[in-house]
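>
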Amino acid sequence: MISGSLAEVESILRHIAVSPELLSVSRGKSAVTPLFTKTFLMPLLDGGQLRFHEFRAGGGAQEEEEQPHRHRWNLKTEHVKGAYVQQVHEETHAGAPGARVHQKHRLEATPKDKTERRFKHIGEAFVRQSATKLYSEEQRPHDFPLEETHSVADLSRHAGTTLTLARTGKPMHADSISYNAGTEVLTTSPLGRTADEQAFLERLHRSIAIVQLVQLRRDLEAYLREQPPASLTTGERCHLEDAKAPNYFETSLLPALATLDLAKAAGQASDEFSPETVAYLDSALERIKSTPLRQILADNDEHLRAGHFSAELSNFEQLKSLINATE
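For the sequence shown, the working numbering begins at 141 and goes up steadily by one.
1. Following the continuous alpha helix (DSSP H) through Arg427, name the residue where it begins and the one where it ends.
2. Write down the C-beta distance between Thr177 and Arg343 rounded to the nearest angstrom, noting that I regard them as a contact closer than 8 Å.
3. According to the Cβ coordinates, are Glu137 and Leu175 closer than 7 Å?
4. Sort out for me which residues DSSP pairs Ile317 with in a bridge.
5. What does the Cβ neighbour count give for Glu337, buried or exposed, with the cut at 16 atoms within 10 Å?
6. Using the Cβ count rule (16 or more neighbours within 10 Å means buried), how would you classify Leu353?
7. Going by CA-CA distance only, name the one from Gly300, Ile348, Ser291 that's closest to Asn320.
8. Take the Cβ of Asn387 as the centre, count every other Cβ of all protein chains shown within 10 Å, and call the residue buried at 16 or more, exposed below.
9. Where in the segment 143-207 do unbroken runs of the beta strand (DSSP E), each at least 3 residues long, occur, reported from the N-terminal end onward?
10. For Ser296 and Phe456, which I take to be in contact (beta-carbon distance under 8 Å), what is that distance rounded to the nearest angstrom?
11. Excluding the five sequence neighbours on either side, which residues of its own chain have a C-beta within less than 8 Å of the C-beta of Thr431, listed in chain order?
12. Give me the Cβ distance between Gly235 and Arg268, rounded to the nearest whole Å; I'm assuming they're in contact under 8 Å.
13. Verify whether the separation of the beta carbon atoms of Phe284 and Leu326 is less than 7 Å.
14. Residues in the same chain with beta-carbon distance under 8 Å from Met312, minus the five sequence neighbours each way, listed in chain order, please.
15. Is Glu150 near Val351, with beta carbons less than 7 Å apart?
16. What are the boundary residues of the beta strand (DSSP E) that includes Asp382?
17. Where Val165 and Lys384 are concerned, what is the direct C-alpha to C-alpha distance, given to the nearest angstrom?
18. Could you please give me the residues that DSSP links to Ala271 through a beta bridge?
19. Give the DSSP bridge partners of Asp283, in chain order.
20. Measure from the alpha carbon of Leu433 to the alpha carbon of each residue in Leu356, Cys378, Thr323, Pro330, then state which is nearest.
21. Would you grab the beta carbon distance between Thr232 and Phe266 for me? Rounded to a whole angstrom, and I think it's under 8 Å.
22. Quick one: give me the first and last residue of the beta strand (DSSP E) that Val325 is part of.
23. Using a Cβ-Cβ cutoff of less than 7 Å, which residues in the same chain neighbour Gln156 once the five nearest sequence positions on both sides are dropped?
24. Excluding five sequence neighbours on each side, which residues of the same chain lie with their C-beta closer than 7 Å to the C-beta of Ile142?
25. To the nearest angstrom, report how far apart Thr374 and Glu412 are at their CA atoms.
26. Among the residues of its own chain, which have a CB less than 8 Å from the CB of Glu381, if the five just before and after it don't count?
27. Just curious, the beta strand (DSSP E) that Ser291 is in, first and last residue?
28. Any idea what DSSP makes of Arg240, helix, strand or coil?
29. Measure the beta-carbon distance from Lys221 to Ala349 and round it to whole angstroms, keeping in mind my assumption that it falls under 8 Å.
30. DSSP on Pro311, reduced to helix/strand/coil?
Below is the structure:
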């Protein structure tokens with residue numbers, strides 16, 4: 141399943157959440173890394189896996205980057221929302237422009253029922269960046285070539301939360317290769333398993349709510365474009381103008397939903413949306429669990445107050461120029 145609709149992703153997540161057996165399997169194969177969360181969705185007939193990745197906006201991982209690495213299996217990824225940078229790296233010699241010393245390790249396949257993976261040190265290597273790519277929701281699914289050393293860098297300041305479907309193929313090698321900058325030799329790496337079942341279930345419900353909100357973003361834009369232009373409020377016209385901005389979801393839609401909720405609680409009419417649009421939004425929001433919805437809105441408000449988002453870009457082409465993408 142790549143490409144997969146948001147409805148299909150939501151359906152799989154819901155199925156996992158209500159099945160003790162599927163929940164246990166997913167929890168055992170999912171992980172939280174410094175940059176993103178990996179949720180196992182289902183096995184594939186070719187021996188691979190389908191996973192849901194969430195690069196959360198804001199927080200300590202903002203503008204961070206993975207260490208360069210090569211996978212032991214083919215990987216195809218589809219962006220459901222947002223964008224990230226893929227940096228491509230190559231081994232070179234000490235005097236090459238841009239070369240930095242790294243420690244090269246062989247990383248074992250993810251062990252079952254353990255909390256960490258083991259590294260085997262291969263030696264010192266000089267590595268430099270050779271290409272910069274932007275992958276975003278406006279593109280078709282893309283491959284990570286098996287032979288390519290790469291790292292993913294966070295773009296949440298400009299693209300907000302990034303959601304991807306990742307399809308791994310059958311393993312082609314026994315181990316992965318990982319490089320870490322500097323002189324430290326690694327021996328183990330934590331897997332980031334969620335030990336607590338309730339915490340994992342809450343994370344699933346949050347992911348379901350995020351998927352539903354992304355669908356609402358698409359549906360609201362389509363709904364507003366169907367209305368006679370003269371009937372739109374000033375706020376609705378602003379939503380249409382901003383809809384293609386990379387972080388519209390975080391800087392416009394979620395704040396609007398939070399403001400609408402406050403107005404309803406106070407018994408006041410919306411200053412932003414017409415009564416008809418409010419009714420449309422209410423109908424859509426009824427499907428979303430209130431607890432994760434309120435937490436998502438509260439977290440987003442906190443990130444806005446902390447200045448985690450930039451509103452300077454109006455489309456992904458501008459983002460591509462900003463990061464000086466080479467292809």
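Note that CB positions come from ideal geometry on N, CA and C, so glycine has one too.
Quick look at the numbers:
1. Mapped onto the sequence shown, residue 427 falls at position 287. First-last for Arg427: undefined, no H or E at that position.
2. Position 37 of the sequence shown, counting from 1, holds the residue named residue 177. Position 203 of the sequence shown, counting from 1, holds the residue named residue 343. Confirmed, Cβ separation roughly 7 Å.
3. There is simply no residue 137 to check, as the chain begins at 141 and stops at 467 in what is shown.
4. Against the sequence shown, residue 317 aligns to sequence position 177. BP columns for Ile317 point to Arg210, Arg246.
5. Here residue 337 refers to the residue found at position 197 when the sequence shown is read from its first residue. Exposed: under 16 other Cβ atoms inside 10 Å.
6. Within the sequence shown, the letter at position 213 stands for residue 353. Buried is the call here.
7. Counted from its first residue, the sequence shown places residue 320 at position 180. Cα-wise, what sits closest to Asn320 is Ser291.
8. Along the sequence shown, read from residue 1 onward, the residue named residue 387 stands at position 247. Looking at its Cβ environment, which holds 16 or more other Cβ atoms inside 10 Å, Asn387 is buried.
9. 177-183, 189-195
10. On the sequence shown, residue 296 is found 156 positions in, with the first residue counted as 1. On the sequence shown, residue 456 is found 316 positions in, with the first residue counted as 1. About 14 Å separates the two Cβ atoms, so there is no contact after all.
11. Position 291 of the sequence shown, counted from the first residue, corresponds to residue 431. Same-chain partners within the cutoff: His345.
12. Along the sequence shown, one-based indexing puts residue 235 at 95. Along the sequence shown, one-based indexing puts residue 268 at 128. Between Arg268 and Gly235 the Cβ distance is about 11 Å, and since that is not below 8 Å, they are no contact.
13. For the purposes of this step, residue 284 is identified with residue 144 of the sequence shown, where counting begins at 1. For the purposes of this step, residue 326 is identified with residue 186 of the sequence shown, where counting begins at 1. No; because the gap between Cβ atoms is not below 7 Å, this pair is not in contact.
14. The residue you call residue 312 lines up with position 172 of the sequence shown. So the list reads Arg212, Trp213, Asn214, Leu286, once near-sequence residues are dropped.
15. Residue mapping note: residue 150 aligns to position 10 of the sequence shown, counting from 1. Residue mapping note: residue 351 aligns to position 211 of the sequence shown, counting from 1. Taking 7 Å as the Cβ cut-off, Glu150 and Val351 qualify as a contacting pair.
16. Here residue 382 refers to the residue found at position 242 when the sequence shown is read from its first residue. Note, Asp382: premise wrong, no beta strand (DSSP E); alpha helix (DSSP H) at 374-382.
17. Reading the sequence shown from its first residue, position 25 is the one you call residue 165. Reading the sequence shown from its first residue, position 244 is the one you call residue 384. One C-alpha to the other measures close to 37 Å.
18. Locating residue 271 in the sequence shown gives position 131, where the first residue counts as 1. Answer by DSSP bridge pairing, in chain order: Val228.
19. In the sequence shown, counting from the first residue as 1, residue 283 sits at position 143. Answer by DSSP bridge pairing, in chain order: Lys216.
20. Taking the sequence shown and counting its residues from 1, the one referred to as residue 433 is at position 293. Of the candidates Leu356, Cys378, Thr323, Pro330, the one whose C-alpha sits nearest the C-alpha of Leu433 is Leu356.
21. Working through the sequence shown from its first residue, we reach residue 232 at position 92. Working through the sequence shown from its first residue, we reach residue 266 at position 126. With a Cβ gap of about 5 Å, Thr232 and Phe266 count as contacting.
22. Locating residue 325 in the sequence shown gives position 185, counting from the first residue. No beta strand (DSSP E) holds Val325; DSSP gives it neither H nor E.
23. Taking the sequence shown and counting its residues from 1, the one referred to as residue 156 is at position 16. In the sequence as displayed, the identity of residue 156 is Ile instead of Gln. The residues are Leu162, Leu163, Ser166, Leu344.
24. Taking the sequence shown and counting its residues from 1, one reaches residue 142 at position 2. Because Ile142 carries a pLDDT of 47, less than 50, the predicted location of this residue cannot be relied on, and no value is offered for it.
25. Mapped onto the sequence shown, residue 374 falls at position 234. Mapped onto the sequence shown, residue 412 falls at position 272. Near 7 Å, if we compare the C-alpha coordinates of Glu412 and Thr374.
26. Taking the sequence shown and counting its residues from 1, one reaches residue 381 at position 241. None.
27. Mapped onto the sequence shown, residue 291 falls at position 151. First-last of the beta strand (DSSP E) with Ser291: 289-293.
28. For the purposes of this step, residue 240 is taken as the residue at position 100 of the sequence shown. Note: Arg240 maps to strand in three-state DSSP.
29. As a working mapping, residue 221 is identified with position 81 in the sequence shown. As a working mapping, residue 349 is identified with position 209 in the sequence shown. Not confirmed; about 13 Å, so no contact.
30. Within the sequence shown, the letter at position 171 stands for residue 311. It is a strand residue.
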